[in-house]
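Numbering (this note's numbering), first residue to last: 111 to 595.
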Amino acid sequence: MSEISSIASHGNSSTDVSQDIEFIKPRTKWDKDNLSTSDVLESYTEECTDDKLHISDAELSNRDDDEFKDAYNEFTLPANRIFNPHELTTQFIIQQFSSRTKPRDSLPVMKDQVGFSVWSFLKHCLGKDLTRVPMPITFNEPLSFTQRICEDLDYVEQLNIAGRTQDTAERLAYIAGFAASCYVTTQNRYSKPFNPLLGETFELISETMGVACLTEQTSHHPPMTAFHAEGVDWTLWGEVRLELKFRGQYCKVIPQGVLHLRTKMDGLHYSWSKPTLIIHNLILGNFWADHDGTLEIRCHNTGELATVVFTPHSKVGSLYKEVHGEVKNADGSVEYVINGRWDQGMSYTKVNSKTDTGAGNESHKLWTAKPPILHAFNQYGFTQLSLSLNEIDPETYLCSTDSRLRPDQRLLEEGNVDEASDTKYRLEEKQRRTRKIREISKLDYRPRWFVPMYDPDTKSTTYCYNGDYWICKLRQNFGKVPDIF
Ligand SMILES: CC(C)CCC[C@@H](C)[C@H]1CC[C@H]2[C@@H]3CC=C4C[C@@H](O)CC[C@]4(C)[C@H]3CC[C@]12C
């Protein structure tokens, strides 16, 4: 097994020692009844201060750094930890940590959509790299990018089916369905997620979805988020590096980075990257999203290839939301054709011979878009899943770097725009200071839960999960984590 497959395939029963770990019933520090979100948040602020980073300005410019280096190294992980034998099965993780309470069905306060005012700010940003311009908080939705990318899992059932499907060509149709389904959330959803602080993390564990997912911000400039998700039958990992270019009338979003998938049944490795997204009509404030490019999902072991083509509005007019694709076997002949719309749903059809186009054959549904939530328009265009992401379940033991604990975002969610804006400024200042300390001490930042791994199949290096997070969560001790809030 190559290096990358050995970590990506964890969760196999051969390495399961979850039975041996003395299991403590997840008891929380807040064992009182009916705790409000703010009570929970308060209990966190006392807990997680890293004194080593509280240094006066005088000290900052003139210090002996060995001491700091030691303290710093404690919360960065030695690379060999990725071969941790204490792997927990995905099923175990999901069962232990999934929330038992019913998710909320609305945000604490309703919000009116930002419209025209966006342009009055944006006209000063022409040609600039938007990930570097501090934006007014009214452009934000109360979610961090570490949370936003978890929404790509809304139609994760596609992967659950793919992971159980033996026929590898048919499986690829489901994987293509999954890869294209993440664009449903790009319509009616035009606020900017918070740019995560360096070291900010997010966990999503859901029994109904059958998934355990962890994200971590691994770089601030360029913004980069590492991503690891696992279901019972598959593992998905990769990183999203965001390029946001503002071009006057429109804004171009180029998500760089490769996504990897491994099916646990047979260890096959798939990978793909994301098409470009364009947000149009910034001037009139009547935004609409367009996608341009081809999703190419390759199976590195069988040589099969699935494509899904997104055509921009400028080429096909009102048909622009339609997507077309196919699954080809290693010889290049088409096995399945895929059709649909990225905002509504997709289906696939078997092709029987070289001359067959699939027309008239029986087609099978891949996925259908979920209906919008009530008052979506006044709730940032959120879906049921988006609503649940920033909700705190008092029963859960959270890492102190979790986006749910990010105070500016919480204030925005509660409608305290001014306070949210001040707090955002404070957090960014704090981040700058920490970076300065690191620069002076000549320390590189090392992510807490991810390590870079070279993948020979795609000849690229990606951050991969080091295997420690769920174990730390089980022990209710995340060790040294950076103090970012
Ligand atoms: C000027 C302001 C209003 C611009 C707002 C830009 C917003 C709409 C952009 C910025 C970053 C974008 C995200 C970047 C990456 C991904 C991952 C992909 O798999 C699905 C789309 C998704 C999740 C994008 C959705 C749209 C997005 C959130």
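No residue lacks a Cβ here, since even glycine has one placed at the ideal position from N, Cα and C.
The model shown is predicted, which means the values in this text are computed figures rather than measured ones.
**Prompt:** Where does the unbroken alpha helix (DSSP H) through Asp532 begin, and where does it stop?
**Reply:** Start at 1 with the first residue of the sequence shown, and residue 532 comes out as number 422. Residues Val527 to Ile550.
**Inside the segment 378 to 460 only - alpha helix (DSSP H) runs reaching at least 4 residues** = 423 to 426
**Check whether Ala272 and Arg258 have beta carbons under 8 Å apart** = Residue mapping note: residue 272 aligns to position 162 of the sequence shown, counting from 1. Residue mapping note: residue 258 aligns to position 148 of the sequence shown, counting from 1. Contact flag unset, no.
**Request:** Have a look at Val368, Lys464 and Thr335 and flag the residue whose alpha-carbon is nearest the alpha-carbon of Tyr564.
**Result:** Looking up residue 564 in the sequence shown gives position 454. Comparing Cα-Cα distances from Tyr564 to each of Val368, Lys464 and Thr335, the minimum goes to Val368.
**Prompt:** Are the Cβ atoms of Asp567 and His330 separated by less than 8 Å?
**Reply:** Taking the first residue of the sequence shown as position 1, residue 567 is located at position 457. Taking the first residue of the sequence shown as position 1, residue 330 is located at position 220. Contact flag unset, no.
**Item:** Contact under 8 Å by Cβ, Glu340 with Thr200
**Value:** In the sequence shown, residue 340 corresponds to position 230, counting from 1. In the sequence shown, residue 200 corresponds to position 90, counting from 1. A contact, by the Cβ cut-off of 8 Å.
**Prompt:** Going by the CB atoms, is the gap between Asp264 and Thr493 shorter than 8 Å?
**Reply:** Residue numbering aside, residue 493 sits at position 383 when the sequence shown is read from its first letter. Residue numbering aside, residue 264 sits at position 154 when the sequence shown is read from its first letter. Cβ atoms of Thr493 and Asp264: closer than 8 Å.
**Prompt:** Just to confirm, are Tyr458 and His474 a CB contact at a threshold of 8 Å?
**Reply:** Taking the sequence shown and counting its residues from 1, the one referred to as residue 458 is at position 348. Taking the sequence shown and counting its residues from 1, the one referred to as residue 474 is at position 364. Yes, these two residues count as a Cβ contact at 8 Å.
**Item:** Own chain, CB closer than 7 Å to Ala290, minus 5 neighbours either side, in chain order
**Value:** Residue numbering aside, residue 290 sits at position 180 when the sequence shown is read from its first letter. The residues are Leu405, Val418, Val433, Trp452 and Met456.
**Asked** Relative to the alpha-carbon of Thr412, which residue among Ala440, Lys425, Asn396 and Phe397 has its alpha-carbon at the smallest distance?
**Response** The count along the sequence shown starts at 1 and reaches residue 412 at position 302. Looking at the Cα atoms, Ala440 is the closest of the given residues.
**Request:** Leaving aside the five residues before and after Asn270 along the sequence, list all residues of the same chain whose C-beta is less than 6 Å from its C-beta, in chain order.
**Result:** Working through the sequence shown from its first residue, we reach residue 270 at position 160. Same-chain partners within the cutoff: Gly320 and Gly341.
**Request:** Leaving out five residues on either side along the sequence, give the residues of the same chain with a beta carbon under 8 Å from the beta carbon of Asn587.
**Result:** Looking up residue 587 in the sequence shown gives position 477. So no residue of the chain qualifies.
**Cβ-based neighbour list, Gln366, same chain, cut-off 6 Å, excluding 5 preceding and 5 following** = Within the sequence shown, residue 366 is the residue found at index 256, counting from 1. If we look at Gln366 and ignore the five residues flanking it on each side, its Cβ neighbours are Arg351.
**Message:** Using the three-state DSSP reduction, which class does Ile502 fall into: helix, strand or coil?
**Reply:** Taking the first residue of the sequence shown as position 1, residue 502 is located at position 392. Reduced to three states, the DSSP call for Ile502 is coil.
**Distance, Ile364 Cα to Pro303 Cα** = For this step, residue 303 is matched to residue 193 along the sequence shown. For this step, residue 364 is matched to residue 254 along the sequence shown. Pro303 and Ile364: Cα-Cα distance of roughly 15 Å.
**Message:** Measuring alpha carbon to alpha carbon, tell me which residue in Pro252, Thr296, Lys569 and Asp593 is nearest Ala479.
**Reply:** Taking the first residue of the sequence shown as 1, we reach residue 479 at position 369. Closest by alpha carbon: Thr296.
**Asked** Closest by CA to Ile410, which one among Ile204, Ser381 and Ala530?
**Response** The residue given as residue 410 occupies position 300 in the sequence shown. In the sequence as displayed, the identity of residue 410 is His instead of Ile. Out of Ile204, Ser381 and Ala530, Ser381 has the C-alpha closest to the C-alpha of His410.
**Message:** Could you check whether the Cβ of Leu537 sits closer than 7 Å to any heavy atom belonging to ligand 1?
**Reply:** Counting from 1 along the sequence shown, the entry for residue 537 is found at position 427. No, the beta carbon of Leu537 sits no closer than 7 Å to any heavy atom of ligand 1.
**Prompt:** Among the residues of its own chain, which have a CB less than 8 Å from the CB of Glu524, if the five just before and after it don't count?
**Reply:** In the sequence shown, residue 524 corresponds to position 414, counting from 1. Counting only Cβ-Cβ distances below 8 Å, and skipping sequence neighbours, we find Pro218 and Val219.
**the segment 482 to 490 in contact with the segment 506 to 513 per 3-pair CB rule at 8 Å** = no
**Message:** Quick check on the DSSP output: what are the complete beta strand (DSSP E) runs of length 3 or more inside the segment 260 to 319, in order along the chain?
**Reply:** 302 to 304 and 311 to 316
**Message:** In this structure, how does DSSP classify Glu523 when only helix, strand and coil are distinguished?
**Reply:** Residue 523 sits at position 413 when you count from the first residue of the sequence shown. Residue state, collapsed to three classes: helix.
**Prompt:** Any idea what DSSP makes of Phe595, helix, strand or coil?
**Reply:** As a working note, residue 595 is residue 485 in the sequence shown. Phe595: coil per DSSP, three-state reduction.
**Pairwise C-alpha distance: Thr318 and Ile605** = Here the chain covers residues 111 to 595 and nothing more, so residue 605 does not appear.
**Message:** Let's test the definition: count the other Cβ atoms within 10 Å of the Cβ of Gly491 and tell me whether it reaches 16, buried, or not, exposed.
**Reply:** In the sequence shown, residue 491 corresponds to position 381, counting from 1. Label assigned to Gly491: buried.
**Request:** From the DSSP output, in three-state form, read off Asn576 for me.
**Result:** By one-based count along the sequence shown, residue 576 stands at place 466. Three-state result, Asn576: coil.
**Message:** I'd like to know whether the C-beta atoms of Thr256 and Thr328 end up nearer to each other than 8 Å.
**Reply:** Looking up residue 256 in the sequence shown gives position 146. Looking up residue 328 in the sequence shown gives position 218. Cβ distance not < 8 Å, so Thr256 and Thr328 don't count as in contact.
**Prompt:** Is the beta carbon of Ser254 sitting closer than 8 Å to the one on Gln519?
**Reply:** Residue mapping note: residue 254 aligns to position 144 of the sequence shown, counting from 1. Residue mapping note: residue 519 aligns to position 409 of the sequence shown, counting from 1. In contact: Ser254 and Gln519 (Cβ atoms closer than 8 Å).
**Residues near Thr427 by beta carbon distance below 8 Å, same chain, minus five either side** = Walking along the sequence shown from the start, residue 427 turns up at place 317. In the sequence as presented, Thr is not what sits at residue 427; that position holds Gly. Here the set comprises nothing.
**Request:** Check the C-beta distance from Phe356 over to Cys235 and give it rounded, since I have them as a contact under 8 Å.
**Result:** Reading the sequence shown from its first residue, position 246 is the one you call residue 356. Reading the sequence shown from its first residue, position 125 is the one you call residue 235. That pair is a contact at about 5 Å.
**Residues of its chain near Tyr573, where Cβ-Cβ distance is below 6 Å and the 5 sequence neighbours each way are ignored** = Counting from 1 along the sequence shown, the entry for residue 573 is found at position 463. Excluding sequence neighbours, Tyr573 sits near Thr328, Ala336, Glu349, Phe560 and Pro562.
**Item:** Exposed unless 16 or more other CB atoms sit within 10 angstroms - verdict on Ser301
**Value:** The count along the sequence shown starts at 1 and reaches residue 301 at position 191. The residue in question, Ser301, is buried, as its Cβ has 16 or more Cβ neighbours within 10 Å.
**Request:** Report yes if the C-beta distance between Asp591 and Arg558 is below 8 Å; otherwise report no.
**Result:** Here residue 591 is taken as the residue at index 481 of the sequence shown, counted from 1. Here residue 558 is taken as the residue at index 448 of the sequence shown, counted from 1. According to the sequence as given, residue 591 is Val; it is not Asp. A contact, by the Cβ cut-off of 8 Å.
**Prompt:** For Pro252, which residues of its own chain have a beta-carbon under 7 Å away from its beta-carbon, when the five flanking residues on both sides are left out?
**Reply:** If you number the sequence shown from 1, residue 252 lands on position 142. Excluding positions up to five away in sequence, the list reads Asn500, Gln519, Leu522 and Glu523.
**DSSP three-state assignment for Pro213, whether helix, strand or coil** = Residue numbering aside, residue 213 sits at position 103 when the sequence shown is read from its first letter. Coil, per DSSP.
**Prompt:** At which residues does the alpha helix (DSSP H) containing Val206 begin and terminate?
**Reply:** Here residue 206 refers to the residue found at position 96 of the sequence shown. In the sequence as presented, Val is not what sits at residue 206; that position holds Gln. Gln206 -> alpha helix (DSSP H) spans Thr200 to Phe207.
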